[in-house]
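Student: Converting from the sequence shown to this note's numbering requires adding 12 to each position, the first position being numbered 1.
Shown below is the structure under consideration.
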Amino acid sequence: MSSVASNDFNFTSDLNSRREDWKVRVRVCRLWNVFNNRDTKKIITMEMVIVDEKGNYMHAVIWRNYVSKFKDIIPTMVRVLDEVPHAIPMHIFEFVNFSNLAERVRSDVPLTGEWVTITHDF
13 MSSVASNDFN FTSDLNSRRE DWKVRVRVCR LWNVFNNRDT KKIITMEMVI
63 VDEKGNYMHA VIWRNYVSKF KDIIPTMVRV LDEVPHAIPM HIFEFVNFSN
113 LAERVRSDVP LTGEWVTITH DF
């Protein structure tokens, strides 16, 4: 039995490829386009990291054939909800040590990086 959020929303941890009618309530905390190397005006995919009210997150991809349908609504879609949802985090971070990056290669962990501080003397 999957866990379902209030108002029958599914959490990102429930999602799988066996259905196509999921109802989720998420925040897009990162959004970027992947362009064709030969034609930089042609989008291959629109990609994002989404996070739900439990703090679960995932990398999501919208393929080229569907980008035009979603590109104008994803970053700005606002809809009044009947009930105030639990707080959905604005951002999600999972810091890892640089020495652990190699073990995350080819894993399904989205967007591994290192936090770096750069300072300049002026």
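Heads up, the beta-carbon is just placed ideally off N, CA and C, and yes, glycines get one too.
So, at 7 angstroms on beta carbons, what are the nonlocal neighbours of W34 in its own chain, with the 5 sequence-adjacent residues on each side left out?
Tutor: Residue mapping note: residue 34 aligns to position 22 of the sequence shown, counting from 1. Same-chain partners within the cutoff: N22 and L27.
Student: I need the straight-line Cα distance from V63 to E32, nearest angstrom please.
Tutor: The sequence position of residue 63 within the sequence shown is 51, counting from 1. The sequence position of residue 32 within the sequence shown is 20, counting from 1. If I take the Cα positions, the gap works out to 19 angstroms.
Student: Work out the CA separation of H71 and F82 for me, nearest whole Å.
Tutor: In the sequence shown, the residue the question calls residue 82 occupies position 70. In the sequence shown, the residue the question calls residue 71 occupies position 59. So the alpha carbons of these two residues sit roughly 16 angstroms apart.
Student: According to DSSP, simplified to helix, strand and coil, what is N22?
Tutor: For the purposes of this step, residue 22 is taken as residue 10 along the sequence shown, with counting starting at 1. Three-state result, N22: strand.
Student: Any idea if W127 is buried or exposed, counting beta-carbon neighbours within 10 angstroms, 16 or more meaning buried?
Tutor: To locate residue 127, count along the sequence shown from 1; it is residue 115. For W127, the pLDDT reaches just 41, beneath the cut-off of 50, and the residue's location in the model is therefore unreliable, although a value from the coordinates is still provided. W127 comes out exposed.
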